[in-house]
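Have a look at the structure below before the remarks.
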Ligand code: DGL
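Numbering (my numbering), first residue to last: 2 to 299.
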């Protein structure tokens, strides 16, 4: 699709229906997008993959916060969302509060690792949490665990190799390749007697079947997709009852905006196709429009 067509499409989508914005450093938020879109096919969704700053997990809280404030400001020039979802644990533990403070009129939804159900279900009182370095080092994880299961021991493991594997096409790899990356972590959790595993990085959802297969029997796998999307649905339903949105005609659509420079790799083209998204570079839209931070006019 031509960039000008894409821009016009964005505008018409925006005018007809307040979109839901999804953010991630890359492909990780797509399972969250898919779950939402399958349940709400008439909604408009704009998914932003911050390919230009991938990975978030090796960056500091301050770096991630700065990156996301800048990215959100760019996106909000084009879109007035009914909800903005950080479909990324690393972004959520690092920058959610700062985003809420900086853009108070936006309804932000963060992604919290599903520690509560895992801790409550654990019979061995040992729970594994996998995430990025940034997420695992954040005190938030231990605070959550203490809150819901004071006596439960948490084995918190950073798995940046799985993040890299998935981002660079691992979701399309052979099952043996997937198992090669995932199984060392499952073995470590078995060794400490964990019977619950929390997928604390959205990228890992792309390997959910592999995690489940290798974790069985004995280790339950927990993720946050349903909880996050139910929260989004609650917010977006509320916003649809607002007079301006309710009066507008409905039009469905889902688009993927990539940060970073051209060309868009074939892998991203294939992903856009597989998830039913139109794809475009955010840079290309910026260069076409918005000279004075105005929302573009069709
Ligand atoms: N998808 C992100 C998360 O949920 C992390 C990926 C990255 O390191 O950029 O934490």
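Ideal placement from N, C-alpha and C gives every residue a C-beta, glycine not left out.
DSSP three-state label for residue i, please.
i	result
residue 148	helix
residue 67	helix
residue 19	coil
residue 154	strand
residue 122	helix
residue 29	helix
Does any heavy atom of ligand 2 sit closer than 7 Å to the C-beta of residue i?
i	result
residue 141	With respect to ligand 2, the structure shown offers nothing to examine, as its ligands consist of ligand 1.
Tell me whether residue i counts as near ligand 1, meaning its Cβ is closer than 7 Å to at least one heavy atom of that ligand.
i	result
residue 277	no
residue 182	no
residue 26	yes
residue 132	yes
residue 267	no
residue 171	no
residue 152	no
residue 55	yes
residue 164	yes
residue 129	no
residue 204	yes
residue 136	yes
residue 89	yes
State the Cα-Cα distance for the pair residue i and residue j, rounded to the nearest angstrom.
i	j	result
residue 226	residue 32	8 Å
residue 89	residue 45	20 Å
residue 197	residue 83	34 Å
residue 235	residue 97	19 Å
residue 43	residue 254	7 Å
residue 213	residue 183	10 Å
residue 63	residue 70	11 Å
residue 276	residue 41	14 Å
residue 264	residue 94	31 Å
residue 34	residue 48	8 Å
residue 78	residue 279	19 Å
residue 25	residue 91	9 Å
residue 262	residue 53	7 Å
residue 21	residue 125	39 Å
residue 286	residue 72	13 Å
residue 59	residue 150	29 Å
residue 66	residue 99	7 Å
residue 229	residue 110	7 Å
With burial defined as no fewer than 16 other Cβ atoms inside 10 Å of the residue's Cβ, what is the status of residue i: buried or exposed?
i	result
residue 152	exposed
residue 121	exposed
Check: Per the contact definition of three or more C-beta pairs closer than 8 Å, is the segment 212–222 in contact with the segment 145–158?
Finding: no
Check: How about the segment 197–212 and the segment 133–151: do they share at least three Cβ pairs that are nearer than 8 Å?
Finding: yes
Next item on the list: Please determine if the segment 20–31 and the segment 161–176 are in contact, where contact requires at least 3 C-beta pairs separated by less than 8 Å.
Entry: yes
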